[in-house]
Amino acid sequence: MKKTLYALMALTLLFPAYNVNLASADADAEKKRVLIAFEENASNQEMTQSIAAAGGEVTERYEDMSVVAATVPETAVHELANDSSVLEVEEDIVVKLNYQREDWGISYTNTDTPWRSGFSGQGVKIAVIDSGISPHEDLEIAGGISTVGYTSSYDDDQGHGTHVAGILGARNNRVGVKGVAYDSDIYAVKAFNEEGSAYLSDIVEGINWAVSNNMDIINLSAGTQTDSSIFRSAIDRAYNSGVLVVAAAGNDGASDGLGDSVDYPARYDNAIAVGALDRYSKRASFSSTGPAVEVAAPGSAILSTYIDGGYAYISGTSMAAPYTAGQLALMKEAYPELSNDQLRQVLIEQTVDLGADGRDPLFGYGAIQASSFTEPIVIEEPNPVTALEISVDTLTGDPGESFQVTASSVRENGDREIVTDAAEWTSENPAVATVTDGWVELAGNGDTTIRATYEEQEAVIVVHVPEPEPEPVADPVVDLEVNETRILGEPGEVVQITATAIHKYGNRVIVDDEAAWTSADPSIATVTAGRVELTGYGSTTITASFEGEEATIVVNVPEPLPEPAVAPTPPPEAEPDPEPELVVDPEPEPNPIHRLLLSESSFTATVGETIDVTATAVYENGERQNITTEAAWSSAKRAVATVEDGVVEATGPGSTTISATYQGQSVGMTVTVEEPAATPEPEPEPEPEPEPTPEPELNLINELELSESSFTAAIGETVDVTATAVYENGDRKAVTDEAAWLSSRRSVATVENGRVEAVGSGSTIITATYEGETVRMTVTVQEPAAPEPEPEPKPEPEPTPEPDPTPEPEPTPEPEIDFQDVPTFYAPAVEYLVENEVTQGVSETEFGVTHNIIRADAAVLIARELGLNTETAPPSGFTDVPDRAAGAVNALKAAGIIGGKSATSFGSYDPLTRGEMAIILQRAYDLSAGGVSSSFTDVSDRYRSAVNALVANDVTDGVSATRYGVAQNITRGQLAVFLYRLSE
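When the letters of the sequence shown are read in order and numbered with mature numbering (1 follows the signal peptide of the UniProt record, and there is no 0), they come out as residues -22 to -1, 1 to 962.
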């Protein structure tokens, strides 16, 4: 099926087609026929009122013109002319056959100037591809062709083509109107039917006919919104043959002038697209707009020839096109040596700029304007740009970095020119890199291509922004544990000790081979990589050291008790003379050491303080001996306290265990060291030495009991647990305040003097130690449930006998992480977030460690970790927040932790940068830098305080020694590590 192309004919005929003759004039003795021009913005009502006030009557109105035809009393003509809203009053003259009229567009385009120079288009051949040309006394047709199927005649049966032909070449014969190139050779190419439509095939046939018959100019006052490669090829063939192709831009323009509505073929590069003007140099409201518009010409209420020998006013870009084609015909006559390219350039150079400076979508280069065409035209030899070069071919860097690149054009003659600002720059992926006038800024990780275009030449830069390496996380060793703290054996025995390094973020690593092992007395025990070999009798200590942490093992190899001596029995002899009886003193009864006692079970000291501790050996027979100087003393953490002959010196803040060993027995005590107070306490008055008191009867602790063996609590709840020492004689003593308390997971629960505070969901082991005895309990912490009514008070239960000691409960196993994308480095942080139900990952098998996190998802994680109330927070006012994140964003904004991109936009789907996260975490945790200033070089003033605070609080060390990575998008793994460290 053939495509249909509609002619761009007048939308409204301002006058109906008519035959002009004397009989059309109507003599009126009392009233006079006049044409009245009002101010441009005068309304129909204002014009009617002015004429009615003068006693007149409107007989005709003209669209797009502030002009009306009217009959008024002759006596009122002068009065009407003096009306402030009236510009001009003209007599509605009778046009006779021997009277010729020039349309307003002739004077507007200065066409009479080349006429006076003698140029009228003589010898220039113009093909009007339209609805044909009707026989008319004001037209002379040089020839033509019909490409339609229903007739071989090129006569006009529609009217449009005849009107176009009159504008272009109506004869200077003192009749009717006068065309722009009135002596040109006009050829009729009928391709449109009586309804104003045509098949594309008929138009292409007409174009080819024009090329074959050596036409100089083709006027195509027609168009379509449908592109066609065949149509384009036909236009290109004509233009490349030297033919000038003038086409109407179209009548589909918006009233506000916005949008690209130019029709084809005007939109093609080898066609001159012409827009329409009114007499006030304004764009006709119907005129199509777009970057293809090249020039503008008169196209509103244009008077020209019409069918049946008449004349008509018609508006449209169809009328503007022949004005332009006619002016090109005058130029062609004046400068026959110029090519179609050169004539086109002269047309542009002589336009009057309208609208925005330079070429614009409404007027192109401006309104066409003729000159005398007598000045010589100097045409520079073409020197097109043949290549475009950029100063770099590739760019690699990190987000936030920027580069200035330059673009240089290379012309045919070898000339080079920097065109960085004039070139058009684009980035295929602005999320990776943006570009403005050669300034390239890296925005995110990935690859993209930067493209520069100048005068149809282009060059590219390949940009690569690599993904960041996983941020190294400092995870220092904070403790060293051994599986045995005491060894009791005989020479020749071998015991394997395992040393485990405890890291800051919970990692546990066996370091038997890496640790440094020493024996205080190799004659008693030697050690190699944890392998302890007992070599002799006595007591000594084995020390394991790893990355500044130490652990001590007390070794006892007691000597065997001697066999009691028995006097030998003499052989029987003859009875000698009686002698005095020999009496042998019996060997003393064995009296081994039962236990060791220290003068302190625990104490707290400040750094620099020394405490004297006495060690006493208690023997089986109850005797006591001061063995302070004979005992072997050791400290589990020498960085906290050292000990020698019972003198304990506090060296640094923390806790340690002091042990004394003597003849196979050991005893320990807990020492806590604190920083000294800012203002030293005054020296206390020396107290008198207490009177020595007799040693109490020996009464050893049998066991240590807790008031709870296990319990479950809600987050925020506190539970008081009491510790009771049960002695061998049955005495019971409350030792809650004296015992040493410890929680295996402080992120779940903390404990101090028996008070357990539930801080996060999970399970932990609470341990109490007193005078060498230890007892444990399991604590499970859950999210708080809805409050239940308080139960009625119950009577206190009768005391029951103390139960037998029960085995320590096994700790509740932690849930396993099944994610396949979590390296060891991230595992503690991911485990923490999952256990505390902050996140469950992006799927059952993937946490998304390397995935960028968008602002909405980050808000959800942070709000959950902070425990914010997301149900009652006031609305944030942001309109782009998905439902799943709305509560979190509301709560964070209400808490002053987070803001938006604007008053109504949160930027929910934008990736969150490391710089933004630093600010959010500083607000959320009220972090202070405490005077710490990082050495990062990529941190601007906006982020400096927040980044310094993260560094000061051991949350991050940056992506390198000199870069924090402010502009990098933060990944889910990095955010998990940040939140985990802050939870500590």
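Idealized CB from N, CA, C, for every residue including glycine.
Q: Check the C-beta distance from A593 over to I605 and give it rounded, since I have them as a contact under 8 Å.
A: Taking 8 Å as the upper bound for CB-CB distance, A593 and I605 are in contact here, some 5 Å apart.
Q: Pick helix, strand or coil for N947, following the three-state DSSP scheme.
A: Look at N947 here: in three-state DSSP terms it is strand.
Q.
I'd like the list of long-range same chain contacts for L957, defined as Cβ closer than 6 Å, with 5 residues on each side in sequence excluded.
A. E843.
(Q) Let me check understanding here. Comparing Cα to Cα, which of Q320, N248, A226 lies closest to P276? (A) With distances taken between Cα atoms, P276 lies closest to A226.
Q: Could you spell out where the alpha helix (DSSP H) holding Q818 opens and where it closes?
A: First-last for Q818: undefined, no H or E at that position.
Q) M755 bridges to which residues according to DSSP? A) In the DSSP assignment, the residues bridged to M755 are I744.
(Q) Using a 10 Å radius around the Cβ and a threshold of 16 neighbouring Cβ atoms, would you call Q136 buried or exposed? (A) With 16 or more Cβ atoms within 10 Å of its Cβ, Q136 is classed as buried.
**Q.** DSSP-derived helix/strand/coil call for P564
**A.** For P564, the predicted model reports a pLDDT of 41, less than 50, meaning its position is unreliable and no value from the coordinates is stated.
(Q) On the DSSP letters alone, give me the boundaries of the beta strand (DSSP E) that K10 sits inside. (A) For K10, the enclosing beta strand (DSSP E) starts and ends at 9 to 16.
**Q.** Span of the beta strand (DSSP E), counted from its first residue to its last, around M193
**A.** In the DSSP annotation of this structure, M193 is not part of any beta strand (DSSP E), being labelled neither H nor E.
**Q.** Same chain, Cβ closer than 8 Å to G624, five either side skipped, listed in chain order
**A.** D590, V591, T592, A593, T606, T607, A609, W611, A638.
(Q) Whole angstroms are fine: how far does the CA of S687 sit from the CA of V757? (A) Taking the CA atoms as reference points, V757 sits about 9 Å from S687.
Q.
Does the structure place the segment 888 to 896 close enough to the segment 942 to 957 that three or more beta carbon pairs sit under 8 Å?
A. Short answer: they touch.
**Q.** Member of R389, A200, T404, Y40 whose CA lies at the smallest distance from the CA of G228
**A.** Of the listed residues, the one whose Cα sits closest to G228 is A200.
Q: Please list, in chain order, all residues of the same chain as G943 whose beta carbon is under 6 Å from its beta carbon, the five residues on each side excluded.
A: So the qualifying residues of the chain are R892, V937.
Q.
Using 8 Å for Cβ pairs, my map puts E587 next to M647. What's the rounded Cβ distance?
A. About 15 Å separates the two Cβ atoms, so there is no contact after all.
Q. Per DSSP, which one or two residues make a beta bridge with T620?
A. According to DSSP, residue pairing for T620 in a beta bridge involves E627.
Q: Starting from H481, follow the beta strand (DSSP E) in both directions and report where the run begins and ends.
A: Per DSSP, H481 belongs to the beta strand (DSSP E) from 477 to 481.
(Q) Rounded to whole angstroms, what is the Cα-Cα separation between G342 and P408? (A) Inter-residue distance for G342 and P408 is about 31 Å (C-alpha atoms, whole angstroms).
**Q.** Simplified DSSP assignment, three categories, for F381
**A.** The answer is strand: DSSP assigns F381 an E or B state.
Q | Minimum C-alpha distance to S85 - residue among D234, V271, A169, Q305 | A | Per the C-alpha coordinates, the member of D234, V271, A169, Q305 positioned closest to S85 is Q305.
Q | Completely contained beta strand (DSSP E) runs for the segment 687 to 718, where each covers 3 or more residues | A | For the segment 687 to 718, the continuous beta strand (DSSP E) assignments of 3+ residues that do not extend past its boundaries occur at 688 to 692, 696 to 698, 701 to 705, 710 to 712, in sequence order.
**Q.** Terminal residues of the alpha helix (DSSP H) in which D90 lies
**A.** Per DSSP, D90 is one residue of the alpha helix (DSSP H) stretching across 90 to 94.
Q. Does the count of Cβ pairs from the segment 500 to 518 and the segment 459 to 474 closer than 8 Å reach three?
A. Segments in contact, yes.
Q) Quick one: what's got a C-beta closer than 8 Å to V820's C-beta in the same chain, skipping five residues either side? A) In the same chain as V820, and ignoring 5 residues on each side of it, the C-beta atoms closer than 8 Å to its own belong to G826, H829, R950, in chain order.
Q | Y160, enclosing beta strand (DSSP E) - first and last residue | A | Here Y160 belongs to no beta strand (DSSP E), and DSSP marks it neither H nor E.
Q) By a C-beta neighbour count over all protein chains shown, 10 Å radius and 16 as the cutoff for buried, is G909 buried or exposed? A) Residue burial is scored here from C-beta neighbours: G909 has fewer than 16 other C-beta atoms within 10 angstroms and is therefore classed as exposed.
Q.
Under DSSP, the alpha helix (DSSP H) around Y177 begins and ends at which residues?
A. Counting along the chain, Y177 sits inside no alpha helix (DSSP H); it lies in the beta strand (DSSP E) bounded by residues 175 to 177.
(Q) Taking 6 Å as the limit between beta carbons, can you name the residues of its chain near A907, skipping five residues before and five after? (A) These residues qualify, in order along the chain: N926, A927, A930.
Q) Which runs of the alpha helix (DSSP H) spanning at least 4 residues fall entirely within the segment 97 to 161, listed in chain order? A) Fully enclosed alpha helix (DSSP H) runs of no fewer than 4 residues occupy 138 to 147 of the segment 97 to 161, in order along the chain.
Q: Round the Cβ separation of H141 and T283 to the nearest angstrom and send it over; I've been treating them as touching at under 8 Å.
A: A Cβ-Cβ distance of about 6 Å is found for the pair H141 and T283, placing them in contact under the 8 Å criterion.
**Q.** Residues of its chain near A945, where Cβ-Cβ distance is below 7 Å and the 5 sequence neighbours each way are ignored
**A.** Sequence-distant partners of A945 (beyond 5 residues in either direction) whose C-beta falls short of 7 Å from its own C-beta, in its chain, are P377, G378, T891, G893.
Q.
Less than 6 Å between C-beta atoms, sequence neighbours within five positions excluded: which residues of the same chain meet that for E735?
A. Here the set comprises T696, T728.
Q) Does DSSP put D861 in a helix, in a strand, or in coil? A) Reduced to three states, the DSSP call for D861 is helix.
**Q.** Inter-residue Cα distance where the pair is residue 965 and G878
**A.** Residue 965 lies beyond the range of the chain shown here (-22 to 962); nothing can be said about it.
Q: Look at the alpha carbon of W187 and the alpha carbon of I292, and state the distance between them as a whole number of angstroms.
A: Looking at the two C-alpha atoms, the distance is approximately 28 Å.
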